[in-house]
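Student:
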Amino acid sequence: MLTFCPYDGSLLTVGTKSSQNRLECRACPYIYPITHPLYSRTLFERKAQEDEIGPTDWSNAAKADVQCAKEGCPGMEAAFFQVQIRSADEPMTTFISV
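Written out as structure tokens, the structure reads:
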């Protein structure tokens with residue numbers, strides 16, 4: 094739980110120089126004594142997981158006319174797209190669908 098100073102808006106930190114539990118402002122002399130346990134719980138909704146990389150519809154991907162390398166395959170077209178996954182000094186990653 095984050096607690097802020099009511100005077101200057103600074104984040105209150107746990108005091109270490111006293112035997113009393115308290116939150117202290119580092120920018121001003123404000124002190125908030127801790128007299129009862131402090132806790133905070135936040136529940137988040139999970140989002141539906143979706144494809145992280147790649148198009149969901151390969152019909153919009155770039156296409157090239159190539160003969161499939163698999164023997165007996167009549168395929169004459171391949172779809173592909175490229176994504177820069179790593180840093181700029183690494184080559185782009187190419188995804189191919191035949």
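Throughout the sequence shown, residue numbering follows my numbering, covering 94 to 191 in sequence. Backbone N, C-alpha and C define an ideal beta-carbon position, used for all residues, glycine too.
(1) Considering only their Cβ atoms, is the gap separating Glu117 from Thr106 smaller than 8 Å?
(2) What residue range does the beta strand (DSSP E) around Thr187 cover?
(3) Measure the beta-carbon distance from Ala155 to Phe173 and round it to whole angstroms, keeping in mind my assumption that it falls under 8 Å.
(4) Rank Gly165, Gly168, Tyr100, Glu170 by C-alpha distance to the C-alpha of Pro122 and give the top, closest one.
(5) Using C-beta distances below 8 Å, list every residue in its chain close to Ser125, excluding the 5 sequence neighbours before and after it, in chain order.
(6) In chain order, what residues of the same chain lie with their CB nearer than 8 Å to the CB of Pro167, ignoring the 5 residues before and after it?
Tutor: Short version:
(1) Stepping through the sequence shown from its first residue, residue 106 is reached at position 13. Stepping through the sequence shown from its first residue, residue 117 is reached at position 24. Yes.
(2) Position 94 of the sequence shown, counted from the first residue, corresponds to residue 187. 186 to 190 is the extent of the beta strand (DSSP E) around Thr187.
(3) Counted from its first residue, the sequence shown places residue 155 at position 62. Counted from its first residue, the sequence shown places residue 173 at position 80. Sure, about 6 Å apart at Cβ, within 8 Å.
(4) Translated into the one-based positions of the sequence shown, residue 122 becomes position 29. Looking at the Cα atoms, Tyr100 is the closest of the given residues.
(5) Taking the sequence shown and counting its residues from 1, one reaches residue 125 at position 32. Here residue 125 turns out to be Tyr, not Ser, going by the sequence shown. Cβ within range, chain order: Thr96, Leu105, Arg115, Leu116, Glu117.
(6) Here the question's residue 167 lines up with position 74 in the sequence shown. Once the five neighbours on either side are set aside, the close Cβ partners of Pro167 are Cys161.
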